[in-house]
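Residue numbers (the UniProt record's numbering): 1 to 319.
C-beta atoms are modelled at their ideal positions from N, C-alpha and C, and glycine is treated no differently.
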């Protein structure tokens with residue numbers, strides 16, 4: 001539409017709001033990203049106000065419409081998305097607009113805090129609930145793996161060395177058992193530290209942008225790895241105990257041990273992937289729409305400076 005009607009970027013409704021203003025209010029990332037293709041005009045547009053003396057940053061500080069907010073699962077990710085919008089708009093407005101007040105005598109930051117009080121509380125509760133339940137699992141795994149390290153299959157020799165009896169008779173399976181056991185305990189302990197960091201955090205607004213999601217990502221990843229290595233240790237222990245007499249039982253049990261891993265993956269991986277994408281990838285905004293949509297500076301010219309097709313007296317349309 002901008003290519004065929006370039007003057008639409010200057011039009012306002014009765015509230016003094018333009019197409020980009022509505023894109024911010026309604027959280028339309030693709031439409032707002034078109035502003036990056038306007039070149040120097042972006043700075044002029046970003047200085048505008050609506051009829052209530054709200055600048056672009058005031059509008060970004062308002063809470064998203066419920067239908068847009070619910071597209072993101074979890075209160076913490078919703079808060080992160082709100083912060084991403086606020087920071088993105090903040091990056092294109094002039095510094096003086098950050099301290100400007102609207103007709104209610106509120107700066108954008110004050111308005112953001114007022115609008116998101118309930119969401120911050122919900123996000124804190126969601127984070128603590130997720131970290132608390134995951135911490136229980138991590139604690140159980142760490143305790144079991146620590147105990148198993150000193151009660152190895154087959155027991156220890158009675159001589160002065162006290163080495164495990166399976167170390168000489170079955171060195172490779174025993175090595176798999178011990179390494180898996182150690183990795184499981186270390187990764188479970190790491191996840192506990194991450195979840196503890198979440199439970200003791202300040203829960204300031206800015207923490208939901210990167211700090212808290214990063215801790216949860218590392219915590220869930222470490223917890224998943226501890227479950228995988230725990231099941232590997234379990235399978236190796238079964239093999240060491242049963243391989244001589246009941247070898248046919250070992251393989252089915254080892255295969256069944258994959259079920260907990262699959263269940264955990266099905267429950268937590270979608271959340272983990274979504275959090276990773278939102279936190280570390282390029283983001284929700286396309287900052288190079290000009291090249292992708294082949295929009296040129298001439299597409300936005302209006303008035304006498306707009307190029308005219310040769311042989312006609314009409315303003316040139318899009319190529």
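In this model, residue 132 and residue 199 are separated by some 8 Å (Cα to Cα). In the DSSP assignment, residue 177 falls within the unbroken alpha helix (DSSP H) covering 171 to 199. Comparing alpha-carbon positions, the option among 89, 21, 272 and 105 lying closest to residue 74 turns out to be 272. Counting C-beta pairs with one atom in each stretch, the segment 172 to 192 and the segment 212 to 222 have three or more that are closer than 8 Å, which means they touch. When the five nearest sequence neighbours on each side are left out, the beta carbons in the same chain lying within less than 6 Å of the beta carbon of residue 286 are those of 33, in order along the chain. Judged by their CB atoms, residue 223 and residue 134 are nearer to each other than the 8 Å cut-off. Cβ atoms of residue 31 and residue 23 come within 8 Å of each other, at about 4 Å.
Collapsing the DSSP output to three states places residue 55 in a strand.
When Cβ pairs closer than 8 Å are counted between the two stretches, the segment 225 to 235 is seen to touch the segment 181 to 189, the count reaching three or more. In this structure, 57 is the residue among 57, 140, 213 and 270 with its C-alpha nearest to the C-alpha of residue 85. The Cβ atoms of residue 93 and residue 46 sit closer than 8 Å to each other.
In this structure, the CA atom of residue 147 is about 13 Å from the CA atom of residue 233. Spatial neighbours of residue 149 in its own chain (CB-CB distance under 6 Å, excluding positions within 5 residues in sequence) are listed in chain order as 181. In this structure, residue 21 lies away from residue 83, with their beta-carbon atoms at least 8 Å apart. In this structure, the alpha-carbon of residue 268 lies about 20 Å from that of residue 209. In the DSSP assignment, residue 280 falls within the unbroken alpha helix (DSSP H) covering 258 to 280. In this structure, DSSP gives residue 243 a state outside helix and strand, which the three-state scheme calls coil. Under the three-state reduction of DSSP output, residue 49 falls in the strand class.
Distance from residue 254 to residue 240 at the Cβ level is roughly 12 Å; contact not present, criterion being Cβ atoms closer than 8 Å.
Its chain contains 59 as the residues whose beta carbon lies nearer than 6 Å to that of residue 25, once the 5 sequence neighbours on both sides are disregarded; these appear in chain order. Annotation: the continuous alpha helix (DSSP H) that includes residue 67 extends over 66 to 69. In the DSSP assignment, residue 22 falls within the alpha helix (DSSP H) that extends over 19 to 25.
Taken in chain order, the unbroken stretches of alpha helix (DSSP H) that lie wholly in the segment 87 to 165 and span 4 residues or more are 108 to 115 and 117 to 149. The three-state secondary structure of residue 84, taken from DSSP, is helix.
In the same chain as residue 144, and ignoring 5 residues on each side of it, the C-beta atoms closer than 8 Å to its own belong to 230, in chain order. Exclusion of the five residues before and after residue 142 leaves 185, 188 and 189 as the residues of its chain whose Cβ lies within less than 6 Å of its Cβ.
In this model, residue 281 and residue 64 are separated by some 22 Å (Cα to Cα). Counting along the chain, residue 73 sits inside no alpha helix (DSSP H), nor does DSSP assign it H or E at all. DSSP places residue 236 in the helix class (H, G or I) of the three-state scheme.
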